[in-house]
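A.B. asks: Below is one structure. I have some questions about it.
2 protein chains.
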Amino acid sequence: MDVAVHGVGTSHFGRQPDRPLIDLAWDAVREALADAGTDQVDAVYVGTVFGAPGVAQRVLSALGITGIPILTLENACASGTTALVEGHEAVRTGRYGRVLALGLEQMSTTFGGAIHPESSDAEGLAGLALPALYAMAAHRYLQTGAATAEQLATVSVKNHAHALHNPRAQYSGSYTVEQVLGSRMIADPLTLLQCCPTSDGAAAAVLAPATGGAREIPVRGLAIRSGDLWDHRSPHVWGYDLVAATAALAYEAAGIAPGDVDLFEVHDAFTIGEVATTEALGIVGHGDGGKAAESGRTAVGGASPVNPSGGLLSRGHPLGATGLAQVAEVVWQLRGDAGGRQVDGARIGLVETMGGGVSGIDGNACVVAVLGA
Amino acid sequence: MDVAVHGVGTSHFGRQPDRPLIDLAWDAVREALADAGTDQVDAVYVGTVFGAPGVAQRVLSALGITGIPILTLENACASGTTALVEGHEAVRTGRYGRVLALGLEQMSTTFGGAIHPESSDAEGLAGLALPALYAMAAHRYLQTGAATAEQLATVSVKNHAHALHNPRAQYSGSYTVEQVLGSRMIADPLTLLQCCPTSDGAAAAVLAPATGGAREIPVRGLAIRSGDLWDHRSPHVWGYDLVAATAALAYEAAGIAPGDVDLFEVHDAFTIGEVATTEALGIVGHGDGGKAAESGRTAVGGASPVNPSGGLLSRGHPLGATGLAQVAEVVWQLRGDAGGRQVDGARIGLVETMGGGVSGIDGNACVVAVLGA
Numbered sequence: 037m038d039v040a041v042h043g044v045g046t047s048h049f050g051r052q053p054d055r056p057l058i059d060l061a062w063d064a065v066r067e068a069l070a071d072a073g074t075d076q077v078d079a080v081y082v083g084t085v086f087g088a089p090g091v092a093q094r095v096l097s098a099l100g101i102t103g104i105p106i107l108t109l110e111n112a113c114a115s116g117t118t119a120l121v122e123g124h125e126a127v128r129t130g131r132y133g134r135v136l137a138l139g140l141e142q143m144s145t146t147f148g149g150a151i152h153p154e155s156s157d158a159e160g161l162a163g164l165a166l167p168a169l170y171a172m173a174a175h176r177y178l179q180t181g182a183a184t185a186e187q188l189a190t191v192s193v194k195n196h197a198h199a200l201h202n203p204r205a206q207y208s209g210s211y212t213v214e215q216v217l218g219s220r221m222i223a224d225p226l227t228l229l230q231c232c233p234t235s236d237g238a239a240a241a242v243l244a245p246a247t248g249g250a251r252e253i254p255v256r257g258l259a260i261r262s263g264d265l266w267d268h269r270s271p272h273v274w275g276y277d278l279v280a281a282t283a284a285l286a287y288e289a290a291g292i293a294p295g296d297v298d299l300f301e302v303h304d305a306f307t308i309g310e311v312a313t314t315e316a317l318g319i320v321g322h323g324d325g326g327k328a329a330e331s332g333r334t335a336v337g338g339a340s341p342v343n344p345s346g347g348l349l350s351r352g353h354p355l356g357a358t359g360l361a362q363v364a365e366v367v368w369q370l371r372g373d374a375g376g377r378q379v380d381g382a383r384i385g386l387v388e389t390m391g392g393g394v395s396g397i398d399g400n401a402c403v404v405a406v407l408g409a
Numbered sequence: 037m038d039v040a041v042h043g044v045g046t047s048h049f050g051r052q053p054d055r056p057l058i059d060l061a062w063d064a065v066r067e068a069l070a071d072a073g074t075d076q077v078d079a080v081y082v083g084t085v086f087g088a089p090g091v092a093q094r095v096l097s098a099l100g101i102t103g104i105p106i107l108t109l110e111n112a113c114a115s116g117t118t119a120l121v122e123g124h125e126a127v128r129t130g131r132y133g134r135v136l137a138l139g140l141e142q143m144s145t146t147f148g149g150a151i152h153p154e155s156s157d158a159e160g161l162a163g164l165a166l167p168a169l170y171a172m173a174a175h176r177y178l179q180t181g182a183a184t185a186e187q188l189a190t191v192s193v194k195n196h197a198h199a200l201h202n203p204r205a206q207y208s209g210s211y212t213v214e215q216v217l218g219s220r221m222i223a224d225p226l227t228l229l230q231c232c233p234t235s236d237g238a239a240a241a242v243l244a245p246a247t248g249g250a251r252e253i254p255v256r257g258l259a260i261r262s263g264d265l266w267d268h269r270s271p272h273v274w275g276y277d278l279v280a281a282t283a284a285l286a287y288e289a290a291g292i293a294p295g296d297v298d299l300f301e302v303h304d305a306f307t308i309g310e311v312a313t314t315e316a317l318g319i320v321g322h323g324d325g326g327k328a329a330e331s332g333r334t335a336v337g338g339a340s341p342v343n344p345s346g347g348l349l350s351r352g353h354p355l356g357a358t359g360l361a362q363v364a365e366v367v368w369q370l371r372g373d374a375g376g377r378q379v380d381g382a383r384i385g386l387v388e389t390m391g392g393g394v395s396g397i398d399g400n401a402c403v404v405a406v407l408g409a
């Protein structure tokens, strides 16, 4: 049967080490249930990356949600949207009547110091943390001449400006390209303002069969995939091929083309990520991502708005919560409730999350979801 | 459509800190794929509790399994059987043609010292680790007079004896009740030989539509559930009500009664766990679990064999792998391939896993699966 998002909710995003994860989750769950007009669900799919074992039951039992199937999913930065995909499938097949998808992460308490790689983490042991991986992708991309460092920086300028209109965003600001490039270097060529922050937050969505209600947002097509073995001869940067392959599946499932989408919430963990993703999603041609950002095409008011929420760069990136925060933004946009960052007349929105730093493959996981009618 | 287990595999179980998790997983996956006569699957569901983020993709990419949906599930000690349940559902509904369910855990490298509770872990911060939780359950159970400490100990005697015939078991031995009770005290009244060990291992199962093949084992009924809010007035020990409720759903799905089951693989993380579970599953009446173990009824050769593999107490308990190791044992038993621990004429087997130490609820998760025709 057809499935719709009946309600969404999020916490505030930011460094909130003194707010227990239960409080953050409660903000998101309470808002989502109220938005859906219900206080009862038949199953919960929880996405988290660094949540301790049992965190889902710990959080949900404190909210009185017990005695039903509760599953915790880890799928790198796509954990929240993986919960969406699995919850959607359960409603689509009639397994459960109403499902809560919940993403949560408290990173400020987890990332207080160095992350110690576990013994099989070859990349971590080699120092290849994600900023380094994205930095190498950025260097390779810039080396092709497709874009300039200034064009990459415009992604940060744009997303911080979008977040000025998002009261739940962790950061926002009216930056210049020069300020972005002049901020502290994190992993050359990626400066501080080109990297997503350390974030705490939660986001939730209630899924149920579509009934045609005015506030429901139909789930039009979804896809989930892990990366292929990395081919070093690829003309694309790391992750591009995974996003492109997953998007192709999602567009086919939704029966649409990239040009049919009115707004995009994509995985801009680093500026290079948004640039490569706008290309991989077919929003612009290969090599045109930097120019599109510079031209304003991907800003709210442009032809193909990307990350009106502020994206991971500005709204924040609490890993497991991110995908469902993207879903919440698209739902608000398609309802016309997005305030100062509203994309006028938006009817179809797309969510994309990808992540994971296993260097032998082209990304651990990617989810693409098309919402709207 | 009807679903069957087409192949199973496991690693050896034991303290194997020098064997990379990839090697353990490879032993299980290679055996399961060969047993199923295939080298291709359409999706992978991975169960692990303490596996680092991305461990599934790290392990699977090393085995050349990439470019398909890969989902990692954490559901306490039921993580492996949660992967079974979700994989089964995907095949049942035609979402994927062939699914690999993989459970893995390397505990010897994770549990090298004290476990530091995270900030919301009220039980851990209070010192209420799982041995303490089970010890309190054991004290309460013994206090009712339903069983004696000696009867609890017979569970350990039985399962260590069963494991003498299981070459993959971590431990085995011909112990007396006195030796079990005389072993080092871990959490009064539970002595060392009444507690499952720290284990490394992996287990896998290949699920696909049933075709009636001679070596296939049909999945007859499944259920998954989390615990209700704990009712301190309950006449039962912790976890009993969750296991009973989940089993009722599974028996209904399978269309059978407890008396129809020829063998049981259940969650004997501690001796009290098996005793309470034999009652909760309806194998014996409430309060008869200790007596049943003492009488030999639950031994191989008895009327209701429980844990012919040696169970968690002797085969070992690598958390995420345990549920699928139970499934492998039942598959081998129903094929008549269980060697010296074979339950003669076994046609229907039941797997039960439960776990989780959130004290406000009656267990984080429970899965019950009925296999066989």
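Line order of the protein sequences matches chains R and A. Residues are numbered in my numbering as their position in the first sequence, beginning at 1, plus a constant of 36. Residues are numbered in my numbering as their position in the second sequence, beginning at 1, plus a constant of 36. Here a beta-carbon is modelled for each residue, glycine too, at the ideal position from N, C-alpha and C.
If A/Gly391 sits next to A/His303, beta carbons under 8 Å apart, how far is it from one beta carbon to the other, in whole angstroms?
C.D. replies: Their Cβ separation, rounded to whole angstroms, is 7 Å, which keeps A/Gly391 and A/His303 in contact under 8 Å.
A.B. asks: Which residues in chain A have a C-beta closer than 9 Å to the C-beta of R/Ser235? List them in chain order.
C.D. replies: Within chain A, no residue comes near R/Ser235; the closest Cβ sits about 16 Å away, beyond 9 Å.
A.B. asks: For A/Arg220, count neighbouring Cβ atoms within 10 angstroms of its own Cβ and tell me buried if that reaches 16, exposed if not.
C.D. replies: The residue in question, A/Arg220, is exposed, as its Cβ has fewer than 16 Cβ neighbours within 10 Å.
A.B. asks: Considering only their Cβ atoms, is the gap separating R/Ile397 from A/Thr102 smaller than 7 Å?
C.D. replies: A contact, by the Cβ cut-off of 7 Å.
A.B. asks: Can you tell me where the beta strand (DSSP E) with R/Glu141 in it begins and where it stops?
C.D. replies: 135-142 is the span of the beta strand (DSSP E), which, as asked, contains R/Glu141.
A.B. asks: For R/Leu109, which residues in chain A fall below 7 Å Cβ to Cβ?
C.D. replies: Those within 7 Å of R/Leu109 in chain A are Leu107, Thr108, Leu109.
A.B. asks: Can you give me the C-alpha to C-alpha distance between A/Asn400 and A/Ala281, rounded to a whole angstrom?
C.D. replies: Their Cα atoms are separated by approximately 13 Å.
A.B. asks: Give me the chain R residues within the contact set of A/Pro56, using Cβ-Cβ distance strictly less than 8 Å, ordered along the chain.
C.D. replies: What A/Pro56 touches in chain R: Ser155, Ser156.
A.B. asks: Assign R/Ile58 to one of three DSSP states: helix, strand, or coil.
C.D. replies: DSSP places R/Ile58 in helix when its eight states are reduced to three.
A.B. asks: If you count every other CB in all the chains shown that lies within 10 Å of the CB of A/Met37, and 16 or more means buried, which is it?
C.D. replies: Burial call: exposed.
A.B. asks: Which ranges would you report for the beta strand (DSSP E) in the stretch 99-129 of chain A if only whole runs of at least 3 residues count?
C.D. replies: Qualifying beta strand (DSSP E) stretches, in chain order: 106-110.
A.B. asks: Consider the Cβ of A/Leu243: report whether some Cβ of chain R lies at a distance smaller than 7 Å.
C.D. replies: It does not: the Cβ of A/Leu243 has no partner Cβ on chain R nearer than 7 Å.
A.B. asks: Kindly give me the distance between the Cβ atoms of R/Ala188 and R/Gln230, rounded to whole angstroms, as I take these residues to be in contact under 8 Å.
C.D. replies: It is Leu, not Ala, that sits at residue 188 of chain R in the sequence shown. At roughly 7 Å, the Cβ-Cβ gap stays under 8 Å, so R/Leu188 and R/Gln230 are in contact.
A.B. asks: Report the option in R/Ile384, R/Ala382, R/Ala361 whose CA atom is closest to the CA atom of R/Arg204.
C.D. replies: When each option's Cα is compared against that of R/Arg204, the closest is R/Ala361.
A.B. asks: In whole angstroms, give me the CA-to-CA distance for R/Asp373 and R/Leu96.
C.D. replies: Cα to Cα, R/Asp373 sits roughly 28 Å from R/Leu96.
A.B. asks: Would you please verify whether the beta carbon of A/Gly309 is less than 7 Å from any beta carbon of chain R?
C.D. replies: No - not a single Cβ of chain R is within 7 Å of the one on A/Gly309.
A.B. asks: Whose CA, out of A/Glu310, A/Leu348, A/Gly318, lies closest to the CA of A/Glu330?
C.D. replies: Of A/Glu310, A/Leu348, A/Gly318, the residue nearest in Cα terms is A/Glu310.
A.B. asks: Look at the alpha carbon of R/Val255 and the alpha carbon of R/Ala137, and state the distance between them as a whole number of angstroms.
C.D. replies: For R/Val255 and R/Ala137, the distance between alpha carbons rounds to 14 Å.
A.B. asks: Buried or exposed: which applies to A/Leu161, given that a residue is buried once 16 or more other Cβ atoms fall within 10 Å of its Cβ?
C.D. replies: A/Leu161 should be labelled exposed.
A.B. asks: What did DSSP end up calling A/Tyr276 once you bin it into helix, strand or coil?
C.D. replies: Here A/Tyr276 sits in helix by DSSP.
A.B. asks: Name the two residues that bound the continuous beta strand (DSSP E) containing R/Tyr81.
C.D. replies: It spans 79-83 - the beta strand (DSSP E) in which R/Tyr81 sits, taken as one unbroken run.
A.B. asks: Would R/Leu164 pass as an interface residue toward chain A - the criterion being a Cβ-Cβ separation below 7 Å?
C.D. replies: Closer than 7 Å: no.
A.B. asks: What residue range does the beta strand (DSSP E) around R/Glu301 cover?
C.D. replies: Start and end: 299-301.
A.B. asks: With H, G and I counted as helix, E and B as strand and the rest as coil, what does DSSP make of R/Val394?
C.D. replies: Residue state, collapsed to three classes: coil.
A.B. asks: Based on the DSSP secondary-structure assignment, which residues constitute the bridge partners of A/Leu226?
C.D. replies: The partner list for A/Leu226 (beta bridge, DSSP) reads A/Ala223.
A.B. asks: Would A/Gly393 and A/Thr84 qualify as a contact pair, given that the criterion is a beta-carbon distance under 7 Å?
C.D. replies: Their beta carbons are not under 7 Å apart, which means A/Gly393 does not touch A/Thr84 by this criterion.
A.B. asks: Quick check on DSSP: helix, strand or coil for A/His268?
C.D. replies: In the structure shown, A/His268 sits in coil (DSSP, three-state: anything other than H, G, I, E or B).
A.B. asks: What's the call for R/Ser340, buried or exposed, on a 16-neighbour Cβ count within 10 Å?
C.D. replies: So R/Ser340 counts as buried.
A.B. asks: Excluding five sequence neighbours on each side, which residues of the same chain lie with their C-beta closer than 6 Å to the C-beta of R/His322?
C.D. replies: Correct list, in chain order: Glu315.
A.B. asks: Name the chain R residues that come within less than 7 Å of A/Gln76, Cβ to Cβ?
C.D. replies: Under the 7 Å cutoff, chain R gives no residues; its nearest Cβ is about 14 Å from A/Gln76.
A.B. asks: Within the same chain, show all residues whose beta-carbon is closer than 6 Å to that of A/Tyr211, passing over the 5 residues directly before and after it, in chain order.
C.D. replies: So the list reads Val193, His196, once near-sequence residues are dropped.
A.B. asks: Which residues in chain D sit within 9 Å of R/Asp63, going by Cβ to Cβ distance?
C.D. replies: Protein chains in the displayed structure are R and A, and chain D is not among them.
A.B. asks: Give me the Cα-Cα distance between R/Gly133 and A/Ile106, rounded to the nearest whole angstrom.
C.D. replies: Rounded to whole angstroms, R/Gly133 to A/Ile106 spans 25 Å at the Cα level.
A.B. asks: Please determine, among R/Ala92, R/Ile104, R/Val135, R/Ala88, the residue with the shortest C-alpha to C-alpha distance to R/His42.
C.D. replies: R/His42 has its Cα closest to that of R/Val135, out of R/Ala92, R/Ile104, R/Val135, R/Ala88.
A.B. asks: Reducing DSSP to helix, strand and coil, say where A/Thr145 ends up.
C.D. replies: Three-state result, A/Thr145: helix.
A.B. asks: Please say whether R/Ser144 and R/Thr234 have beta carbons closer to each other than 7 Å?
C.D. replies: Their beta carbons are under 7 Å apart, which means R/Thr234 touches R/Ser144 by this criterion.
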